[in-house]
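Notes follow the structure.
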Ligand SMILES: NC(=O)c1ccc[n+]([C@@H]2O[C@H](COP(=O)([O-])OP(=O)(O)OC[C@H]3O[C@@H](n4cnc5c(N)ncnc54)[C@H](OP(=O)(O)O)[C@@H]3O)[C@@H](O)[C@H]2O)c1
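In the numbering used here, the protein residues as written are 528 to 905.
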């Protein structure tokens, strides 16, 4: 039995992970569940999966859990997150918190030298170099459950000695690929993703294509390739999950059903595949394998991500922090859709490049960017 920890169990990736585990109870056992504020969902998960350790942000909610489940290791607050992410009683941990909140816990888990399956791409955007270096030093295995990166990982199986010519990172294009982007775009329109059902922040990031910019950075770190060799390819149907082109011209593609459960199961049971109940792709029904280029003048967030890659690491920390603040404001209907790239660009020009070596330096700088945005009321 593999012991599994899920950081972000009440979210979209977390629930998909639990769906995989529910179908494979002979293989996996839940030891740790980490949630934010959704106490009702967490209580149901505790009842069903009987973990040893749980985390919830608020002390009052932690107390409610304690009253029902005496004997459970219950953690809460900042200190509690530090402690639960340093536990080592797992074989595979799914890192599926959202945003910068996942950086320190993921760093702590990697320091344990175990296997961490990363969904939380912002971890690599803000701390890629440190995370990869720590994983190497501690002998931790870093897997990915992002469908595109899982696809690339699978295309690279057995290709260790073959240099990558190009990574072709597919993108659905989101809800506005064929529409005009205006300041009147509503939260509901931006959340209406054509092919994937995901948490709110990543759904907005997909609509602006910032998500793809983050994924270019994620791919650079995971596969040790120069970003110039990573090309974003819009493929509206989301059936080709990404591709790798080699120097002989061969392109390896990963094609399959649209379900996060497949890359999650692959990471949980790596390197062996697990059967599932998801409807298989019928190739005779696949009429459209069309690929298009993204328009960087229209998808300004993607262009800003490329700019941040060129400028350097601390600019990527600014990109990530500013985006996180502005997406939340847009979701709260405090700013317009088009204010997202405008605000990020402003922050990227305000902050000079600086060296950020440690986890504390990265997180302090992330906070400095957020503080500046609070002062500017943006
Ligand atoms: N969804 C996808 O299909 C998908 C695909 C690829 C990559 N990703 C990446 O995976 C990550 C998670 O995405 P998601 O769609 O699953 O997001 P989500 O549905 O919003 O879930 C986020 C999870 O993190 C928890 N959380 C957030 N802040 C927390 C904090 N400060 N402390 C403790 N728990 C906290 C939430 O808890 P509560 O809900 O209880 O508050 C929830 O369980 C993101 O980085 C995203 O980019 C997602």
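We put the CB at the ideal spot given by N, CA and C, even for glycine.
* To do: Grab me the residues of residue 557's own chain with a C-beta within less than 6 Å of its C-beta, minus the 5 sequence neighbours each way, in chain order.
  => Counting from 1 along the chain shown, the entry for residue 557 is found at position 30. Contacts found: 531, 576, 578.
* Going by DSSP, what residues sit across from residue 532 in a beta bridge? -> Taking the first residue of the chain shown as 1, we reach residue 532 at position 5. DSSP, once it has assigned bridges, lists 559, 620 as partnering residue 532.
* Asked: In this structure, what does DSSP give as the bridge partners for residue 698?
  -> For this step, residue 698 is matched to residue 171 along the chain shown. Answer is 761.
* Could you name the residues of the same chain whose beta carbon sits closer than 6 Å to that of residue 878, not counting the 5 residues immediately before and after it, in chain order? => Position 351 of the chain shown, counting from 1, holds the residue named residue 878. Hits under 6 Å: 845.
* Per-residue burial, residue 777 [other beta carbons within 10 Å of its own, 16 or more giving buried] -> Within the chain shown, the letter at position 250 stands for residue 777. Exposed, by the Cβ-count rule.
* Is residue 538 near ligand 1, going by C-beta to nearest heavy atom under 7 Å? -> What you label residue 538 is simply residue 11 of the chain shown in a count that begins at 1. Correct: residue 538 has its Cβ closer than 7 Å to ligand 1.
* Count the CB pairs spanning the segment 700–712 and the segment 720–732 that are closer than 8 Å, and state whether there are at least three. => Contact between the segment 700–712 and the segment 720–732 is present: three or more C-beta pairs spanning the two stretches fall below 8 Å.
* Asked: Looking only at its own chain, which residues have a Cβ that is under 7 Å from the Cβ of residue 605, when we skip the five neighbours before and after it?
  -> Counting from one through the chain shown, the residue named residue 605 turns up at place 78. Correct list: empty, nothing qualifies.
* Do you know offhand how far residue 564's Cα is from residue 687's? -> For the purposes of this step, residue 564 is taken as residue 37 along the chain shown, with counting starting at 1. For the purposes of this step, residue 687 is taken as residue 160 along the chain shown, with counting starting at 1. Straight across, the Cα-Cα distance linking residue 564 with residue 687 is about 42 Å.
* Asked: Under 7 Å from any heavy atom of ligand 1, does the C-beta of residue 726 make it?
  -> Numbered from its first residue, the chain shown carries residue 726 at position 199. Annotation for residue 726 indicates a beta carbon within 7 Å of some heavy atom of ligand 1.
* Please report how far the alpha carbon of residue 794 lies from the alpha carbon of residue 761, in whole angstroms. => As a working note, residue 794 is residue 267 in the chain shown. As a working note, residue 761 is residue 234 in the chain shown. Near 25 Å, if we compare the C-alpha coordinates of residue 761 and residue 794.
* To do: Alpha carbon to alpha carbon, how far is residue 668 from residue 529? Give it in angstroms, no decimals.
  => Here residue 529 is taken as the residue at index 2 of the chain shown, counted from 1. Here residue 668 is taken as the residue at index 141 of the chain shown, counted from 1. Their backbone Cα atoms lie some 15 Å apart in a straight line.
* Asked: Does the beta carbon of residue 530 fall short of 7 Å from some heavy atom of ligand 1?
  -> For this step, residue 530 is matched to residue 3 along the chain shown. It does not: the Cβ of residue 530 is nowhere closer than 7 Å to a heavy atom of ligand 1.
* 3-residue-minimum beta strand (DSSP E) runs that sit fully inside the segment 603–661, ordered along the chain -> Correct list: 619–622, 642–645.
* With a threshold of 7 Å, establish whether the CB of residue 893 neighbours any heavy atom of ligand 1. => Translated into the one-based positions of the chain shown, residue 893 becomes position 366. No, the beta carbon of residue 893 sits no closer than 7 Å to any heavy atom of ligand 1.
* Segment limits, alpha helix (DSSP H) that includes residue 778 -> Within the chain shown, the letter at position 251 stands for residue 778. Where residue 778 is concerned, there is no enclosing alpha helix (DSSP H), although the beta strand (DSSP E) around it starts and stops at 778–782.
* **Validate contact between the segment 772–790 and the segment 806–818 using beta carbons, cut 8 Å, 3 pairs** => Taking 8 Å as the limit for Cβ pairs, the verdict is that the segment 806–818 does touch the segment 772–790.
* Grouping DSSP H, G and I as helix and E and B as strand, with all else coil, what is residue 818? -> Taking the chain shown and counting its residues from 1, one reaches residue 818 at position 291. In this structure, residue 818 counts as coil in the three-state DSSP scheme.
* Asked: With a cut-off of 8 Å, does the C-beta of residue 697 fall near any C-beta of chain D?
  -> Of the chains in the structure shown, none is chain D; there is only one protein chain.
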